[in-house]
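Under full-length UniProt numbering, think of the first position of the sequence shown as 1, with each following residue one higher.
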Amino acid sequence: MNNAPHILMCPADHYGIEYEINPWMSRSRQADRELAQQQWRDLKALLEQVGATISLLEPVAGLPDLVFTANAAMIYRDRAILAHFRHEQRQGEEPLCDRWLSSHGFRVEKLPDGRYFEGAGDALFCGATLLAGYRIRSDIHSQQLVGKLVDSHVIPVELVDNHYYHLDTCCCPLAAGEAIWFPGAFDDYGRQAIRQAVPKLIEVSAEEAHSFACNAVVVGKHVVTNTGCPQLHRNLRAAGYTPHETPLSEFVKAGGSAKCLTLRLDGEEAASWKNAA
Numbered sequence: 001m002n003n004a005p006h007i008l009m010c011p012a013d014h015y016g017i018e019y020e021i022n023p024w025m026s027r028s029r030q031a032d033r034e035l036a037q038q039q040w041r042d043l044k045a046l047l048e049q050v051g052a053t054i055s056l057l058e059p060v061a062g063l064p065d066l067v068f069t070a071n072a073a074m075i076y077r078d079r080a081i082l083a084h085f086r087h088e089q090r091q092g093e094e095p096l097c098d099r100w101l102s103s104h105g106f107r108v109e110k111l112p113d114g115r116y117f118e119g120a121g122d123a124l125f126c127g128a129t130l131l132a133g134y135r136i137r138s139d140i141h142s143q144q145l146v147g148k149l150v151d152s153h154v155i156p157v158e159l160v161d162n163h164y165y166h167l168d169t170c171c172c173p174l175a176a177g178e179a180i181w182f183p184g185a186f187d188d189y190g191r192q193a194i195r196q197a198v199p200k201l202i203e204v205s206a207e208e209a210h211s212f213a214c215n216a217v218v219v220g221k222h223v224v225t226n227t228g229c230p231q232l233h234r235n236l237r238a239a240g241y242t243p244h245e246t247p248l249s250e251f252v253k254a255g256g257s258a259k260c261l262t263l264r265l266d267g268e269e270a271a272s273w274k275n276a277a
């Protein structure tokens, strides 16, 4: 598979707060559609500026969260483990993502009926280890099945704060053995497991976690986040990364930010298999 940075995004043409399935969402606090579309375009332009190639999934009316492509699937080489969403409001996204991935050369695989799994929102490689968030959206049995499918060691970590309902809202692998994280999103076991699995951790404060600091897109040594994360950016520069910020306030209203709006098709930077022969 091509090692060039390759990201799937979906334009925000039909994005909005049409239902409430996490604590961030309120139909009484609507996103500004024009501003959201501009913020989406600015994110796309910034990702292209730092070297990513962007492919597009066509937006569909009635599926406002299709814009959050990170949840579509977990990518492993030429395989795509398709999401099955816990909330029926998002289940209409599944056949669309299946068709796009299949038509673009991925071998799409599905989990058995009754198993909930929300793609790269809850399954993140850090080296050879698959960090797997569960309870709020994905279930632990699904994560174990995903680990078997890709023959990878899985560390399930329970998410205990509904504001951080996906793993990618509170943890972002940067490279093998390195990650950004917000410890407050995990129980004691989860914190211990992550500390043991990831030697170099950059901790995010509660205030910056609330600005979705952990929901970052990593392209080589570039790290793209929402605004409002100055301490994280200082820590990233000290660790040898180049941070970038772009406003994503309208997507935070739905509980998403930079990472949620992207699906890395060629493998996340931290995945040990990405550059393996």
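Ideal Cβ placement from N, Cα and C applies to all residues, glycine included.
Contact belief for Glu-208 with Leu-232 at Cβ below 8 Å, rounded distance in angstroms: A Cβ-Cβ distance of about 6 Å is found for the pair Glu-208 and Leu-232, placing them in contact under the 8 Å criterion.
Does the region 72–90 come within contact of the region 117–133, defined as at least 3 CB pairs closer than 8 Å? Yes, the region 72–90 touches the region 117–133.
Whose CA, out of Glu-20, His-222 and Asp-161, lies closest to the CA of Asp-188? Of Glu-20, His-222 and Asp-161, the residue nearest in Cα terms is Asp-161.
Less than 8 Å between the CB atoms is what I'm expecting for Asp-243 and Leu-236, so what's the real figure, rounded? This sequence places Pro at residue 243; Asp is not what is there. Contact between Pro-243 and Leu-236 is confirmed by a C-beta separation of about 4 Å, below the 8 Å threshold.
Other residues of its chain near Ile-54: CB distance less than 7 Å, five sequence neighbours each side excluded: These residues qualify, in order along the chain: Ile-7, Met-9, Lys-44, Leu-47 and Glu-48.
Quick check for students: name the residue ranges of the alpha helix (DSSP H) that lie wholly in the region 52–100, counting only runs of 4 or more. With a minimum length of 4 residues, the continuous alpha helix (DSSP H) runs that stay inside the region 52–100 are 88–91.
What would DSSP say about Leu-236, mapped onto helix, strand or coil? Three-state result, Leu-236: helix.
DSSP three-state assignment for Phe-251, whether helix, strand or coil: Phe-251: helix per DSSP, three-state reduction.
From the DSSP output, in three-state form, read off Ile-140 for me. Note: Ile-140 maps to helix in three-state DSSP.
What does a CB cutoff of less than 8 Å around Ala-197 pick up in its chain, not counting 5 residues either side in sequence? Hits under 8 Å: Cys-126, Thr-129, Leu-131 and Ile-155.
Expressed to the nearest angstrom, what Euclidean distance is found between the alpha-carbon atoms of Ala-238 and Glu-178? Taking C-alpha positions only, Ala-238 is separated from Glu-178 by approximately 13 Å.
For the ligand COA, is there a heavy atom less than 7 Å away from the beta-carbon of Ala-175? The ligand COA is not part of the structure shown, which contains no ligands of any sort.
Complete alpha helix (DSSP H) runs within the region 172–205 (minimum length 4 residues, chain order): Secondary structure in the region 172–205: the alpha helix (DSSP H) runs of 4 residues or longer, each lying completely within the stretch, are 188–197 in chain order.
Any contact of the region 130–147 with the region 95–102, i.e. 3+ C-beta pairs under 8 Å? The region 130–147 makes no contact with the region 95–102: fewer than 3 CB pairs, one atom from each, lie closer than 8 Å.
Do you know how far the Cα of Ala-213 is from the Cα of Cys-229? Looking at the two C-alpha atoms, the distance is approximately 6 Å.
Could you check how far apart the C-beta atoms of Leu-159 and Gly-184 are, in whole angstroms? I think they sit under 8 Å. A Cβ-Cβ separation of about 11 Å leaves Leu-159 out of contact with Gly-184 under the 8 Å criterion.
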